[in-house]
Each structure stands twice: as structure tokens, then as C-alpha cells.
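Chemist: What follows is a structure written as C-alpha cells; I'll ask about it next.
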């Protein structure tokens with residue numbers, strides 16, 4: 010029985026290696042499309058993480074806006090902003106109309122069943138003194154894009170930039 014298991018495992022490894030499958034991958038090619046192209050960001054207001062300008066002039070601002078703008082620069086991409094409620098933006102994420110959603114989301118997000126959440130990139134005290142682990146939301150299944158975003162976030166020293174929030 011053990012010899013059969015080893016043989017089948019070996020055949021599967023060779024078969025997968027021969028297919029040119031890379032892990033992690035993006036079934037819909039998000040990372041490849043964004044690199045050198047356009048990063049579509051859904052943003053909902055939640056200061057100081059995300060803030061919308063008064064009126065309709067100018068791009069959003071805030072800590073997460075700065076992070077995703079830097080991520081876009083890292084990928085050589087331009088940013089296209091889509092403003093909406095969390096519910097609208099998660100729907101847009103599911104439909105593939107945005108690539109990432111920001112707005113002060115935490116790891117306790119109710120959207121975890123409908124979006125892929127990054128690993129927490131910063132922890133701050135919440136309103137009741139509990140720790141809040143902040144995350145961003147991406148489209149489920151687009152794992153190469155998610156991993157690239159997580160790597161970028163890890164490389165940033167967000168905790169040091171928070172000052173009064175800690």
C-alpha cells in the first residue's frame with residue numbers, strides 16, 4: 010500500500026511540474042493585468058485609514074490610500090479609485106470590477122466569506138482597547154496578486170508611521 014501511495018504521489022508531482030503550473034497563481038490574471046497597467050481600488054471613508062476629499066475634487070487620502078498608491082507604484086501601475094460602501098465595493102470585488110478594497114477593514118471583517126483578506130499589516134488599539142488587526146480585501150482566488158500585496162505591506166513599516174494611533 011505504501012509503495013502505491015509513493016508511486017501515485019510521484020506521478021502527480023511529475024504531471025503537475027510538466028503542466029507549467031506556478032503557485033501562487035491568478036486564474037483571472039490580476040497581477041499580470043495590474044503590473045504596468047491599472048490598479049482598481051475600491052475605497053470607503055473611514056478616517057484616518059481612508060478619507061474622501063470635500064466635494065468631488067481630488068483623490069482620496071489616508072494611511073491605506075498611501076499604502077495602495079505605493080503598491081501601485083511598486084507595480085508600475087496607475088490607480089483608478091471607485092468610491093462606495095463596503096457592501097457595494099465587495100460586490101464589485103466579486104464581479105472583478107475592483108482589485109482591492111480599503112477602508113479601515115479589520116481581520117474581524119464580515120466580508121471574509123466574500124473576499125480574500127490580507128494578513129494583518131498593522132495592529133492598533135480599538136475603540137474599546139482591544140487590538141484591531143487591519144487588513145485589505147482582494148478578490149478570492151487571485152492568490153499571486155494577494156501574495157504580492159502582502160509582501161509589499163510587510164516591507165512597509167506601517168506601525169512606525171501610525172504615531173498617535175498606537
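Numbering (this note's numbering), first residue to last: 10 to 175.
Built from N, CA and C at the ideal position, the CB exists for glycine as well.
Since the model is a prediction, treat every value here as computed from it, not as a measurement.
Give a yes or no on whether the C-beta atoms belonging to residue 88 and residue 130 are separated by under 8 Å.
Modeler: To locate residue 88, count along the chain shown from 1; it is residue 79. To locate residue 130, count along the chain shown from 1; it is residue 121. For residue 88 and residue 130, no; Cβs fall outside 8 Å.
Chemist: Who does residue 143 pair with in a DSSP beta bridge?
Modeler: As a first step, residue 143 is located in the chain shown; it is residue number 134 there, counting from the start. Partner(s): 115, 131.
Chemist: Would you call residue 95 buried or exposed, if buried means 16 or more other Cβ atoms sit within 10 Å of its Cβ?
Modeler: If you number the chain shown from 1, residue 95 lands on position 86. Looking at its Cβ environment, which holds 16 or more other Cβ atoms inside 10 Å, residue 95 is buried.
Chemist: Is it true that the CB of residue 112 sits closer than 8 Å to the CB of residue 39?
Modeler: Here residue 39 refers to the residue found at position 30 of the chain shown. Here residue 112 refers to the residue found at position 103 of the chain shown. No.
Chemist: Skipping 5 residues on each side, what residues in its chain have a beta carbon closer than 7 Å to that of residue 149?
Modeler: On the chain shown, residue 149 is found 140 positions in, with the first residue counted as 1. Closer than 7 Å at Cβ, skipping near neighbours: 124, 125.
Chemist: Determine, using beta carbons only, whether residue 159 and residue 115 come nearer to each other than 8 Å.
Modeler: In the chain shown, counting from the first residue as 1, residue 159 sits at position 150. In the chain shown, counting from the first residue as 1, residue 115 sits at position 106. No, the Cβ-Cβ distance between residue 159 and residue 115 is not below 8 Å.
Chemist: Nearest-angstrom Cα distance between residue 152 and residue 35?
Modeler: Locating residue 152 in the chain shown gives position 143, counting from the first residue. Locating residue 35 in the chain shown gives position 26, counting from the first residue. Going by the C-alpha atoms only, they are around 6 Å apart.
Chemist: State the beta-bridge partners of residue 48 as determined by DSSP.
Modeler: Taking the chain shown and counting its residues from 1, the one referred to as residue 48 is at position 39. Note: residue 48 sits in a beta bridge opposite 88.
Chemist: Rounded to the nearest angstrom, what separates residue 103 and residue 32 at their Cα positions?
Modeler: Position 94 of the chain shown holds residue 103. Position 23 of the chain shown holds residue 32. If I take the Cα positions, the gap works out to 22 Å.
Chemist: By alpha-carbon positions, which one of 55, 61, 138, 107 ends up nearest to residue 154?
Modeler: By one-based count along the chain shown, residue 154 stands at place 145. Answer by Cα proximity: 107.
Chemist: What's the gap between the Cα of residue 86 and the Cα of residue 45?
Modeler: Position 77 of the chain shown, counted from the first residue, corresponds to residue 86. Position 36 of the chain shown, counted from the first residue, corresponds to residue 45. Near 5 Å, if we compare the C-alpha coordinates of residue 45 and residue 86.
Chemist: My assumption, with CB atoms under 8 Å, is that residue 43 sits in contact with residue 84. Please give the rounded CB distance.
Modeler: Indexing the chain shown from 1 puts residue 43 at position 34. Indexing the chain shown from 1 puts residue 84 at position 75. Yes, residue 43 and residue 84 are in contact; Cβ-Cβ is about 6 Å, under 8 Å.
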